[in-house]
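K.L.:
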Amino acid sequence: MLVALTGSAISPFSPFDMWEGRPLAAFLTRRFFNDDPLGFYRFYREVLLKETQPTPIHRALAQSGALIITENIDGLHRKAGSPTIELFGNVDELYCPDCQSRYPSYLVLEGLPLCSACYQLLNPGLVLEGDPVPMFKVASCLMARAREVLIIGSTLDMAPMSYLPILARSFGARITVFTHSLTQVLTYLADLKGEPQPSPTSSEVKV
Ligand SMILES: [Zn+2]
Numbered sequence: 003m004l005v006a007l008t009g010s011a012i013s014p015f016s017p018f019d020m021w022e023g024r025p026l027a028a029f030l031t032r033r034f035f036n037d038d039p040l041g042f043y044r045f046y047r048e049v050l051l052k053e054t055q056p057t058p059i060h061r062a063l064a065q066s067g068a069l070i071i072t073e074n075i076d077g078l079h080r081k082a083g084s085p086t087i088e089l090f091g092n093v094d095e096l097y098c099p100d101c102q103s104r105y106p107s108y109l110v111l112e113g114l115p116l117c118s119a120c121y122q123l124l125n126p127g128l129v130l131e132g133d134p135v136p137m138f139k140v141a142s143c144l145m146a147r148a149r150e151v152l153i154i155g156s157t158l159d160m161a162p163m164s165y166l167p168i169l170a171r172s173f174g175a176r177i178t179v180f181t182h183s184l185t186q187v188l189t190y191l192a193d194l195k196g197e198p199q200p201s202p203t204s205s206e207v208k209v
């Protein structure tokens, strides 16, 4: 099984982006959501709610058939058609903490989003800092079945993502790391499928 572990270098949301003078990570916390839901959803509207499309990297990975395990919250691997485990959730959905109903995230445009069934404040479909990471267990189990693991656009400096390639290696997987040139990713995937190599100029995504 081919598995790709992907991170922020192929996402429109960079951990180095700033909002109101502070990095985005400072706002993606359970404490901020609980203490100031109005402020949290203003941040959500102004920063997280934006129209994004899969890049050539997302589409090439989907065509390769790789299972994706991603740190990214943009939902772009799913939009490209890949089977995807989003370790930290995504910005496409909100959910009711009481009845678990799911809602599209554009509801935040109307103000504080509430569940239409039980009037609870909806939560973002994100794993915030301070939350458990429920999909990590599934991702860990899949590492035992991976024969080839590609690391794309992630510096693996964030737990628990950083544990996954170590697990895969312990089960004998081959690990290939791409952190600088994403053109290399496209070339590598094309080689795997025996396709002509893509043009670096037309498909390169800067990191
Ligand atoms: Zn509800």
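Heads up: the sequence shown at position 89 corresponds to 91 in our numbering, and the numbers run straight through without jumps. The C-beta atom is built at its ideal place from N, Cα and C for all residues, glycine as well. The structure displayed is predicted, hence computed values, not measured ones.
1) Cβ of L103 within 7 Å of any heavy atom in ligand 1?
2) Of all the alpha helix (DSSP H) runs that stay within the bounds of the stretch 124-188, which reach a length of 4 or more residues?
3) Can you round the beta-carbon distance between I153 and I168 to whole angstroms, since I take them to be within the 8 Å contact cut?
4) Pairing CB atoms from the stretch 88-107 with CB atoms from the stretch 118-130, are three or more of them under 8 Å?
5) Going by CA-CA distance only, name the one from Q65, F29 and Y121 that's closest to D193.
6) Would you mind sorting Y46 into buried or exposed? The rule is 16 or more other CB atoms within 10 Å of its CB.
7) Going by DSSP, which residues form a beta bridge with T86?
8) For the beta strand (DSSP E) containing Y105, list its first residue and its last residue.
9) What did DSSP end up calling Y121 once you bin it into helix, strand or coil?
10) Within a Cβ cutoff of 6 Å, which residues of the same chain sit near L26, ignoring the five residues on either side of it in sequence?
11) Could you have a look at G113 and say whether DSSP puts it in helix, strand or coil?
12) So is E73 buried or exposed if we call it buried at 16+ other beta carbons inside 10 Å?
P.N.:
Reading off the structure:
1) Looking up residue 103 in the sequence shown gives position 101. Note that residue 103 corresponds to Ser in the displayed sequence, not to Leu. Correct: S103 has its Cβ closer than 7 Å to ligand 1.
2) Uninterrupted alpha helix (DSSP H) stretches at least 4 residues long and entirely within the stretch 124-188 occur at 137-145 and 165-172, given in chain order.
3) Locating residue 153 in the sequence shown gives position 151, counting from the first residue. Locating residue 168 in the sequence shown gives position 166, counting from the first residue. About 12 Å; that fails the 8 Å criterion.
4) yes
5) The residue labelled residue 193 in the question sits at position 191 within the sequence shown. Answer by Cα proximity: Q65.
6) Numbered from 1 along the sequence shown, position 44 holds the residue referred to as residue 46. Counting Cβ neighbours within 10 Å, Y46 comes out buried, since at least 16 surround it.
7) On the sequence shown, position 84 is the one that residue 86 refers to. Beta-bridge analysis with DSSP links T86 to I70.
8) For this step, residue 105 is matched to residue 103 along the sequence shown. Counting along the chain, the beta strand (DSSP E) containing Y105 begins and ends at R104 to P106.
9) Here residue 121 is taken as the residue at index 119 of the sequence shown, counted from 1. Here Y121 sits in coil by DSSP.
10) As a working mapping, residue 26 is identified with position 24 in the sequence shown. Within the same chain, L26 has close Cβ partners D19.
11) Residue mapping note: residue 113 aligns to position 111 of the sequence shown, counting from 1. Three-state DSSP puts G113 in coil, outside helix and strand.
12) Indexing the sequence shown from 1 puts residue 73 at position 71. Taking every protein chain shown into account, the CB of E73 has 16 or more other CB atoms within 10 angstroms, so this residue is buried.
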